[in-house]
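Read through the structure below, which is laid out as C-alpha cells, and then see the notes.
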Amino acid sequence: MQRVMVVGCPGAWKSTVAKRLAAVTGLPLVHLDFHYWQSGWVRTEKTAWADKVETFAAQPCWIIDGNYGGTLEKRISRADTVIHLDFPTRICLYRVFRRMLAGLG
Numbered sequence: 002m003q004r005v006m007v008v009g010c011p012g013a014w015k016s017t018v019a020k021r022l023a024a025v026t027g028l029p030l031v032h033l034d035f036h037y038w039q040s041g042w043v044r045t046e047k048t049a050w051a052d053k054v055e056t057f058a059a060q061p062c063w064i065i066d067g068n069y070g071g072t073l074e075k076r077i078s079r080a081d082t083v084i085h086l087d088f089p090t091r092i093c094l095y096r097v098f099r100r101m102l103a104g105l106g
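Residue numbers (the working numbering): 2 to 106.
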C-alpha cells in the first residue's frame, strides 16, 4: 500500500480517515481541497488543476483525500488502494451541518 485514494461524499470523514492513515503509515498526505481552492474560495483553473493532480499522482507514494471527478482517472490509474467511504446520506448531512456550525468549512 503505497498510493492510496480516499473518496466519498462530503461528510464521509475522508480527511479524518486520510490523516489517521497517514499517521499510521508515514505516507505523505495530499488534501485536494487545500490545493484546489485559492484564497477567497477561487477555483484553480482547469488545466492548472489537471497538471497539479498529475504531479501528485506521479509521486511514488501518497494518500490523496478528495473526489474531484474530473481528475479521478489520473489518480485511480496510479492508486494501488482505493478506500470508498459510503455512509448513509443522513449521517453525512449531519456531519456537514455540524462542521458548518463549527465554522470549519
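Beta carbons are placed, not taken as given, at the ideal position from N, Cα and C, and that holds for glycine.
What would DSSP say about residue i, mapped onto helix, strand or coil?
i	result
residue 87	coil
residue 70	helix
residue 6	strand
residue 100	helix
residue 82	strand
residue 28	coil
residue 14	coil
residue 42	coil
Report yes if the CB atom of residue i is closer than 8 Å to the CB atom of residue j, and no otherwise.
i	j	result
residue 86	residue 14	yes
residue 12	residue 93	yes
residue 67	residue 34	yes
residue 83	residue 31	no
residue 39	residue 45	yes
Return the chain-ordered list of same chain residues with a C-beta closer than 6 Å to the C-beta of residue i, the five sequence neighbours on each side being excluded.
i	result
residue 54	72 and 75
Enumerate in chain order the residues of its own chain whose CB-to-CB distance from residue i is below 8 Å, with the five nearest sequence positions on each side excluded.
i	result
residue 51	71, 72 and 75
residue 90	10
Is it buried or exposed for residue i, if we count other Cβ within 10 angstroms and need 16 for buried?
i	result
residue 5	buried
residue 63	buried
residue 1	Residue 1 lies beyond the range of the chain shown here (2 to 106); nothing can be said about it.
Could you pull out every residue in the same chain whose Cβ sits closer than 7 Å to the Cβ of residue i, ignoring the five residues on either side in sequence?
i	result
residue 81	2, 3 and 4
residue 77	6 and 83
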